[in-house]
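Notes follow once the structure below has been shown.
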Ligand SMILES: Nc1ncnc2c1ncn2[C@@H]1O[C@H](COP(=O)(O)OP(=O)(O)O)[C@@H](O)[C@H]1O
Ligand SMILES: [Mg+2]
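Residue numbers (our numbering), protein chains in the order written: chain A, 1 to 245; chain B, 246 to 485; chain C, 486 to 855.
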């Protein structure tokens, strides 16, 4: 316990010193250097950003296809569902560095490793939300559809999936934001993207580069989050006016 | 009884057993001298110790600050700030962990302490938000009933608000721990040590055995912690 | 016992007062029912009495003591409070819920246990069954019982009850009301009772305070309120304009078999049985007839206390008036107002007892008809 307290104390003292040192270096400081760097290397940054987005969008498409399918399947097989969700939970809990590391012996260094790891990560939010979105529909609605003579196939595509869509989209949103962060780490195993700026910045001690990378990744993540947020809102408004008419 | 033992001791022991078996096998059967030199018990224990140091210090700090802060912000006088905080936290949580560590590196430099501090700040977010949201979510009528029967404000907090918010606070802790264990493996990039060290070393010398050892221990630590807190979570909500 | 003087509450950011210049006095042992449409300030008035809300103006006295000068915590510990939304603590067992106030008062453990068991039995919850349950495992009616038990466990002489039977179905509600009246008969607490339901107000009250837009419109006994409503608002509330005329149209015989409750007792009935029947009765009185089913009179709780003989025939009270079964409901109402009771006995041409009609029955009829 003493040791812990000592450590904690050290940490805060170090933080204090650090903040002091920024204040001192702040005069013609790091911010100006960063802006300078970004304007000089805007082509590189843009390229990495596109690479980052490509990795995320590609994996998102693959992941959503798989996850929604799995989610739908397990919504029909209750006994199966808890096991599948349990496995997805475990996959998501594994630290991203560890997950990427596991992929390296299998797929080598490069883009593929990144894609596979990211897909495995994003399973849980989308599978779980698809499953609960469908399971928690008002049974009366499904009953009514059955009573009107709709086939199970049509009930799935015309009733269940459209009604569960907001919940599924919320899962996709979680997955997308998470992926952007993990894609940055995947740069370390050669998947490319803005993470490269961070890693090479750290290894060279090039601070403007690190900041450009870190801020770039954060902006993409926040932007995605908002995009999905407004998308969800728009969709649901559209849905309700359509019902209203 | 047997079930309880199995859940709380049996399964964790099996997980630890698997990790130990892999470590023991690897250390005793190194395929070449590089692995033999880099994968020793001494080194493995050191990175585990560092890893646990990162986790413990940052989580204990984050729990204390997050819960205390959440309680304070839920008081009527600070409630508006609390709502603003909720939004800020949601944005803050969107920032990837690697970006957080990298930014702290540019501000504070390299080292274990910097990593702990970054993890600490990052883990506060879910705990703070859930504590606030949990207390905020307690139905007003319940609090009014407690006050109407003559409970003092402090008693209302400790006897009513906190116990009712407890499951949500624990859920926040669980999120924080999962994020924290994940981020702790990145500490190595800013000189914070921990299990990430093994993985990074393995990658740089192209030795899968080292990589897998680091990854297995890190993964099992994370799964075990998540498992334990998940089981604890099941027990605390016996009333709903 | 409780006196409100010029009580006023203006909520921050509102220009219209929620409660305005309210003067009200509640005598010891009385049930005063605040009644009025939703949003008229009933809850606000109540919450000022236990100082959950601080009044903007006016005074509150309890036993001539200025409430606004008292320590709010002490004040609240001594006033039983049933909140409108019930507000049971979901994380505590029923036992722990009910034991809240005794625990706040730091009573010894065994005394708490005894009191909780008592009060649970009193409100009709078997302690052995319900003690260790959580509120989520209870029905609406059971929760409201717990809410009432929780408020009265420490024997407060004053209780504030905000729509205590609001959240249950009509049948359960009627049962809870009757049980409550029986309890009140014994406990004789001073109670401020809020409802928006005029039937409930008439049934539960010694006096009724009608509120409208934060102001007191009329404070009177139920029968005075019915016979002499202060204004249009009150008469609408009791339903005269739309419905009272209909009472002229319906004969008592038409509704008698629907409303017939526990039949009368014979004049040779022994004390045991009389007591039992009194307990079962909504009216807290029971009609006495002779061998030929001819009406003799009525026995109330007080008559039984002051009894002068062994059987009911020895101590019944004569009734001042009756109605015949071919009379209209309006006649019945008039007689009730005349004799100042909430019920009237019905006889046929041969003076044979037929049943009893109450104010509540009339209101039910009026409600169904309109
Ligand atoms: N805490 C509060 N803050 C602001 N306005 C309130 C508050 N409580 C009640 N009011 C307002 O005061 C008025 C009376 O409310 P209330 O006493 O709850 O009515 P009732 O119990 O008779 O239905 C309503 O217009 C309501 O909106
Ligand atoms: Mg109210």
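We treat Cβ as the ideally placed atom computed from N, Cα and C, and that holds for glycine.
Any chain A beta carbon closer than 8 angstroms to residue i
i: residue 434/B; result: yes
i: residue 471/B; result: yes
i: residue 448/B; result: yes
i: residue 341/B; result: yes
Contacts around residue i, its chain only, beta-carbon distance under 7 angstroms, and the 5 residues preceding and following it disregarded
i: residue 698/C; result: 525
i: residue 308/B; result: 372, 418
i: residue 369/B; result: 307, 310, 311
i: residue 271/B; result: 284, 454, 458
Local conformation of residue i per DSSP, three classes
i: residue 839/C; result: strand
i: residue 922/C; result: One cannot answer for residue 922/C here, as it falls past the ends of chain C, which runs 486 to 855.
i: residue 261/B; result: helix
i: residue 393/B; result: helix
i: residue 173/A; result: helix
i: residue 468/C; result: Since the displayed chain C opens at 486 and closes at 855, residue 468/C lies outside it and no answer follows.
i: residue 755/C; result: strand
i: residue 494/C; result: strand
i: residue 617/C; result: coil
i: residue 475/C; result: An answer regarding residue 475/C cannot be provided, because it is not within the stretch 486 to 855 covered by chain C.
i: residue 27/A; result: Bear in mind that the predicted position of residue 27/A carries a pLDDT of just 47, short of 50, making it too unreliable to give a figure here.
i: residue 274/B; result: coil
i: residue 812/C; result: coil
i: residue 240/A; result: Since pLDDT at residue 240/A reaches only 46, below the 50 mark, its modelled position is unreliable, and the value read off the structure follows with that caveat. Residue state, collapsed to three classes: helix.
i: residue 573/C; result: coil
i: residue 350/B; result: helix
i: residue 538/C; result: coil
i: residue 454/B; result: helix
Contact set for residue i: own chain, Cβ-Cβ below 8 angstroms, skip 5 residues either direction
i: residue 736/C; result: 810, 811, 812, 813, 814
i: residue 448/B; result: 456
i: residue 66/A; result: 119, 123
Cβ of residue i within 8 angstroms of any chain B Cβ
i: residue 30/A; result: yes
i: residue 82/A; result: no
i: residue 246/A; result: The structure shown does not extend to residue 246/A, since chain A spans only 1 to 245, so no value can be given for it.
i: residue 36/A; result: no
i: residue 512/C; result: no
i: residue 585/C; result: yes
Anticipated Cβ contact below 8 angstroms, residue i with residue j, distance rounded
i: residue 342/B; j: residue 428/B; result: 4 angstroms
i: residue 669/C; j: residue 516/C; result: 7 angstroms
i: residue 677/C; j: residue 519/C; result: 7 angstroms
i: residue 820/C; j: residue 829/C; result: 5 angstroms
i: residue 487/C; j: residue 770/C; result: Contact doesn't hold; Cβ gap of about 28 angstroms is too wide.
i: residue 365/B; j: residue 303/B; result: 4 angstroms
i: residue 567/C; j: residue 647/C; result: 6 angstroms
i: residue 357/B; j: residue 295/B; result: 7 angstroms
CB contact check: residue i to chain C, cutoff 8 angstroms
i: residue 392/B; result: yes
i: residue 352/B; result: no
i: residue 480/B; result: no
i: residue 397/B; result: yes
i: residue 371/B; result: no
i: residue 321/B; result: no
i: residue 251/B; result: no
Inter-residue Cα distance where the pair is residue i and residue j
i: residue 436/B; j: residue 181/A; result: 20 angstroms
i: residue 194/A; j: residue 118/A; result: 16 angstroms
i: residue 47/A; j: residue 135/A; result: 43 angstroms
i: residue 288/B; j: residue 440/B; result: 10 angstroms
i: residue 55/A; j: residue 92/A; result: 19 angstroms
i: residue 71/A; j: residue 159/A; result: 16 angstroms
i: residue 377/B; j: residue 336/B; result: 16 angstroms
i: residue 227/A; j: residue 339/B; result: 13 angstroms
i: residue 152/A; j: residue 145/A; result: 9 angstroms
i: residue 391/B; j: residue 807/C; result: 50 angstroms
i: residue 498/C; j: residue 539/C; result: 15 angstroms
i: residue 130/A; j: residue 80/A; result: 15 angstroms
i: residue 572/C; j: residue 496/C; result: 23 angstroms
Sequence-distant residues of its chain with Cβ nearer than 6 angstroms to residue i (five each side left out)
i: residue 461/B; result: 264, 267
i: residue 602/C; result: 612
Which residues end up in the neighbourhood of ligand 4 when you take C-beta atoms closer than 5 angstroms to any of its heavy atoms? Of the ligands one can find in the structure shown, namely ligand 1 and ligand 2, none is ligand 4.
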